[in-house]
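Line order of the protein sequences matches chains A and B.
This note's numbering numbers the first residue of the first sequence as 10 and each following residue consecutively.
This note's numbering numbers the first residue of the second sequence as 11 and each following residue consecutively.
Here's the structure, in structure tokens; my notes come after.
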Amino acid sequence: MTSVAGDNLLNQLQEALASDPDNPSHHFNLGLFFWKKGEETVGEESKRYKEKSAEHFVASAKLNPSDGASFRFLGYYYSTTSVDEQRAAKCYQRAVNLSPEDFEAGEGLCDLLDGSGKESLEMAVCREASDKSPRAFWAFRRLGYLQVHQRNGWRQYKLQHAIRGYPACADLWEALGLSYQRLGMFTAAIKSYGRAIELEDSKVFSLIESGNILLMLGSFRKGIEQFRSALKIAPQNASAHFGLASGLLGLSKECASSGAFGWGASLLEEASEVVKAGTHLCGNVYSAWKLHGDIQSAYAKCFPWDDKRTCDEINEGSFKISINNWKKTCLFAANDAKRSYQRALHLAPWHANIYTDVAITLDLIDSSEEKETPETDVWQIPERMSMGSLLLEGVNCESWVILSCLSKDPALKQHALIRGLQLDASLSIAWAYLGKMYRNLGERQLAGQAFDRARSIDPSLALPWAGMSADFHEGTLSTSEAYESCLRAAQILPVAEFQMGLGKLAVLSGHLLSPQVFGAIRQAVQRAPCCPESHNLNGLVCEARSDYQSAIAAYRLAQCALKIGCYSKDVLRCHQADVSINLARALCQADYAMDAARECEHLEKDDLLDSSALQIYAVALWKLGNRDLAFTLAKKMAKIVSTMKPRCAVAALGLVCSLVYCISGLNPSATFLQKIPTEFLHSTKMSFIVATINALDQSSRLEMLLQSSLQTFASHESVAELHSIICMSKIMGHGSEQNLEIHRGVDYLKKVLHMYPDSNLIRNYLSSLLLSTGDWMASHKATECTVIPSGYPVKTGLKSPFEINGIAGVACYSSCVTSPKLSFPTCKDQLMFGSLRVHQLQKWLHQEPWSGEAHYLLLLNVLQKAREEKFPQNLCVTLKRLVSVAISRDTCNDNDLCKHLKFLTLLSASELSLQCGDYLGCGSLADNALEVLPPHGDPFFAHLQLCRAYVAQGDMEKVKDEYLNCLRVKTAHPIGWIILKYFESKFKLQKDSNMIDINFRSNLYGSQCSRNMWTAIFNLVSGQSYIWDQDFHSAEKALALACSFRDVDSCLLLCHGAICMELARQRAGSEFLQHAVTSLKKAQETSPFPLPIVSALLAQAEASLGARAKWEKNLRFEWFSWPPEMRPAELLFPNALAFQFWA
Amino acid sequence: MFTSDVFVSTVCALEPLDLSTRPYDCVAAHPAGALAASASLDSFIRVFDVESNSTIATLEAPPSEVWNMQFDPKGTLLAVAGGGSASVKLWDTSSWQLVSTLAVPRPEPTKPSDRSASGKFVLSVAWSPDGKRLACGSMDGTIAVFDVPRSKFLHHLEGHYMPVRSMVYSPVDPRILFTACDDTHVHLYDAEGKSLVGAMSGHVSWVLSIDASPDGAAVATGSSDRTVRLWDVGMRASMQTMTNHTDQVWGVAFRPPGGTGIRAGRLASVSDDKSISLYDYS
């Protein structure tokens, strides 16, 4: 306010008062003016103004005693300017009475009362105001604060009400949070604290308290975040330090309970630092030292052993150093924990639980140091400390259980547990330890009962589950049940003892591949690295996963652990033998035969070579090429077979037989098998060996043995596998290596399939063989026979169902094009499966993107599709990518099959170039194909492709060269000769030569059906050749021959019909008309779909023969055999057409 | 857990994928939601606007090198994994240029017959929620973990022994990695401490896809046994099995965090039966 304006206002106010001195509002306004002036000025001047204003407020209050505002200002005046608290309080009181919602007066009054310590009066004022008006939010807020302060948390509704008036007051939200927290409404408390933090991010109290609640609720991660935020704002806040450390401890326990020891340890390291910083701030808080003790003790129990050495670097010395370092770290942490607990105990010796903590830590240190406790009557320190706790809290049943755990004396153990159970009969942990104690005493029945009781009281306790599983060999549990029980124990509490027990049970029950066992054993190695059993089990788990390198490393570590451990001589010898046998086996499987043999030699020297080691030794020697010694060992094994357990005996016999076959050949192995007692031959493994040897043996000496094996089998899967081996024997039985009798195998499997129609293995075998027959219809039969799996392909035989599907797609000779614009389908079956095939191949490729076969077959099938559709552009683009992928795959090995696949891929690429107009590229790709061809490959088609490339380039000289090359290299595939014949005729490459005819006829193979079909096609090409020479009579003869076979393709019949019609047109003889009618009628009947032109020609022929009705009928047929959009205009005018024909 | 009134609806029958012309392989959505990338067997990655379907960029990868891809949580990088080159390629999403290639170290050849020695085939990739780590799953079951800011390989995670098809980090903890594998198991790894901390079994065939719920307390898996399973991470157990699909389930996805209301708890699954199913859960 400027001084001029202020003076004007003062004059106006004074004039107004002078004009009406009894008006209270004039007094109030003038008072307010002076009050403001007083606020604006300082010192004596301010005081003078305020005194003046007080005079006017008094006057105003006198004239209008119901005006609260005057009293409020008087309250201000008395409380601040002329310090008279009593008068101030009275004035404020009057103001609040007149207007309970006046928060300024209310707050002023409360502050006065608060300052003079009149809390109950303050509360009464607030209560009165809040009762008078629900909008007196200040009163509710004060009341809320007071109640929170007085711990009357159940009145939190006052705060809730106040928040309606002050929704943005962070303090209020914080108080509400505290109130909820005291009531145990933790979620509501977290929300309230959260709101307070949102409104004011420096609310340390809210952060810490919400962190504490989150820790209590087990949300350690969120709790830790809150404490970290609190520490950022207040780095010296001890509560935040301890809260953060507690949170980290909680999270680390969570990690350790799931086996993430490394993670847990890193959290504990941080926690330890944080709590140490906290103890520097306030060193006399016992709970801080106890927390530090807890953290260090947890670290000692959680710190993992981590060995990064590779297999070659493992030796006893380095292993010992590594173990000692690990032990030192654990022991250091345990000692640190002990010191912290002791300090806590000094600060608060009345806390019984700290005695227990010290006792447990001392026990941990003793066990880490592996001290041999002297057998004296004197009580050990852990026991004494535990007793100290019981002296303070004799009714704490858990302390009794701890005493029993720490005590070495069985009587005291039992007494303590029974005392604990007397205090609480449903104390599951006491029952569990009682069970453990009885078990150690050999009282298995009592132990079982105690474990059972503990488990029924608390199923989430690990010890009873583990205890129950340990008794599996008593006959009460099967190994699988024991495994399940132990698995539960190891999952609840991942301690190394349970995990190693789980590993042993997994070996017995065949669960070594289970990921739970893998995880458990890896964790056991981290926590019990000095225990050879953990490394040995780790080796077994790795071996089961075919990870032989890791297995070898693990067994080597087990050997080191055995050497540095303290064991009696016999136990050591026994363990060393086990580990060495395992190591030898792993070495042998990893192709380190030399090392395996050396390991076995050591065993032999120590006289520890048992039957299983003998087997490994024999295999290792055989792999090393030491056949004589291997054979001697095999004989030795055969001699001791009768002393072995049946399962081991079968394995040994199988190995001996295999060795005999590999070393001495077929006859001795067959003779050996004949000598084996029949009870051993009925196992699956031996039956397979018998079947295989029988398949190789021409004289079928083992036929009887095989038949008896077949009858004893129960499993369909094994029988199917055995039949597939027998099928192989049928194929090989009488054929030579070059000429296998596949049809015999097909016949055999067809019979077997009748017995086992649901066997996918037999179906796959049959389909694979069908595809190998070269039969004209084989691809359809194979497709129908095989079942495409969704998901797990189990045993698939020679080829997987996906492969069969893909091969059948390209092996079909028919066209299956669906678009009538391009061609007409000639095969019903192919049309059904054709569209699905590419999708199924893509599905396969998506499932197994690494599969070269999938890619290759997809490429071929898409090429087939492109060929049928006359190479449309979109398919060509896709094909180009597929081809480039197939060529760039460098995973291909250097074997002949891979080279051949590459050869065919390059030929496909060449064909694609040809179709896209890149003739030079076509030629160079075909040349590349020739380069990659394996030594015994068939180069015919590459030369043929070159021939086509040169034709496209118009270089007839080179065409002739390649033609001669084709003739020179020859092929076994009839289609090759047919195409060459076509070329020869079309380009007049060689006249009067029947070389192609001779080669073609000598190459015909397969069933009668396919032989006829090939011959028919060859005749078609010959016919075509005659047509080019205008020799229609010879052409008719060739085609007549082509049509003379059974099941001939309708297209051939159409050709024959057409040529006959042409001859008839040339008036060569009326009999041709009759021939035409016969062929065309047959074509009409055999074609799966109406074939255009057939009916038109037939109509013409019938008309020529004078059959008008047939003429009309066939014309109608013709009309409908065309797709609607392609019907020729001529057909619209049959009469005109007929006239044209007659003419 | 799923409410009793779970609705399973076939949202749309997908067009039969004409794979001969544009063979489908994988798609990845940008965290901002406006962009997506799709890859096909022809090895082209097409980045497109989700609303308008207009192509933003076309990235050409070497043949047969794209089987899985994922945008990083900030959306600045696109990780493309796959193929016999055993590497993950990182593309910058502002310039669409290749910025880095993280190669998975091949194990030392042990013996000639060892298949794994001939090379790894990378199948899956996952970003940690803080964008600092990248995990990459291979055909032989090993998982490689990379430090992205330093472009450095850290270590392998072991435990699977068949192809690892899908992986996801816990949205609440960058240390926890969930993996789905053909060995029918779902693993829970401490990816920093390279330890297997949990395994969940229940599927009877390959586990093809996995996703973690926004709160990290549950994971969903799709399998070639045609089921979708919901797992409780704390209990390490399957809570519910959905059997509405009639063919193998190739993808599952929770609605990303950030939503409110009923849509916050929604899970989608996509199957070879050409349908997408949506589930509400609470």
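The beta carbon of each residue, even a glycine, is placed where N, CA and C say it ideally should be.
Around V178(B), the same chain offers A136, F188, I220, D221, A222 as residues with beta carbons nearer than 6 Å, after the five sequence neighbours per side are excluded. Put simply, the CB of V90(B) is far from chain A, with every gap to its CB atoms at 8 Å or more. Per the DSSP secondary-structure output, E877(A) pairs with nothing in a beta bridge. Within the segment 195-272 of chain B, the beta strand (DSSP E) runs of at least 3 residues that lie entirely inside it are, in chain order, 195-200, 205-211, 217-222, 228-233, 238-242, 247-252, 259-264. Chain order gives the chain B residues near R531(A) as S205, L206, where near means a beta carbon separation below 7 Å. The criterion of a C-beta distance shorter than 8 Å is not satisfied by A1051(A) and L1063(A). Note on geometry: alpha-carbon atoms of N73(A) and V92(A) lie some 25 Å from one another. When Cβ-Cβ separations below 8 Å define contact, P524(A) makes contact with chain B. The C-beta distance from Q305(A) to D345(A) rounds to 4 Å, short enough to meet the 8 Å contact threshold.
In the structure shown, the three-state DSSP call for G147(B) is strand. Listed as beta-bridge partners of W137(B) by DSSP are L144(B).
By the Cβ rule, the segment 231-247 of chain A counts as touching the segment 286-297 of chain A, because three or more pairs are nearer than 8 Å.
Relative to the Cα of S1130(A), the nearest Cα in the group A1108(A), G227(A), I1102(A) belongs to I1102(A).
Neighbours of R230(A) in chain B, taken as residues at a C-beta separation under 8 Å, are given in chain order as V182, D183. Listed as beta-bridge partners of H165(B) by DSSP are V155(B).
For M132(A), the enclosing alpha helix (DSSP H) stretches over residues 128-141. In this structure L39(A) is in contact with L26(A), their Cβ atoms being roughly 6 Å apart against a cut-off of 8 Å. For the segment 239-271 of chain A, the set of positions with a beta-carbon nearer than 8 Å to some beta-carbon of chain B reads C264, S267, G268, A269, F270, G271 in chain order. From the beta-carbon of A209(B), the residues of chain A found nearer than 7 Å are P524, Q525, G528. The residue among Q683(A), Y991(A), G1066(A) with its C-alpha nearest the C-alpha of Y1035(A) is Y991(A).
Chain A has no Cβ within less than 8 Å of the Cβ of F188(B). For a cut-off of 8 Å, the C-beta gap from S860(A) to V892(A) is around 17 Å, too long to register as a contact.
From the beta-carbon of M149(B), the residues of chain A found nearer than 8 Å are W859. Using a Cβ distance threshold of 8 Å, V243(B) and L288(B) do not count as a contacting pair. The segment 890-926 of chain A contains no complete beta strand (DSSP E) run of 3 or more residues.
Around the beta-carbon of C975(A), 16 or more other beta-carbon atoms lie within 10 Å, marking it buried. When beta bridges are read from the DSSP output, L69(B) appears opposite I55(B).
With respect to chain B, the C-beta atom of R464(A) has no partner C-beta closer than 8 Å. Apart from the 5 residues on each side of it in sequence, V404(A) sits with its Cβ closer than 8 Å to the Cβ of L432 in its chain, given in chain order.
Taking 8 Å as the CB threshold, Q500(A) lines the interface with chain B. Contact annotation: the segment 565-576 of chain A does not touch the segment 610-620 of chain A, with fewer than three C-beta pairs closer than 8 Å. By the C-beta density criterion, R116(B) is exposed, having fewer than 16 other C-beta atoms within 10 angstroms. The Cβ neighbour count for A247(B), taken over all protein chains shown within 10 Å, is under 16; the residue is labelled exposed.
The C-beta of R237(A) comes no closer than 8 Å to any C-beta of chain B. Residue contact check for W77(B) against chain A: a CB pair falls below 8 Å. One alpha carbon belongs to V114(B), the other to K204(B), and they sit about 16 Å apart.
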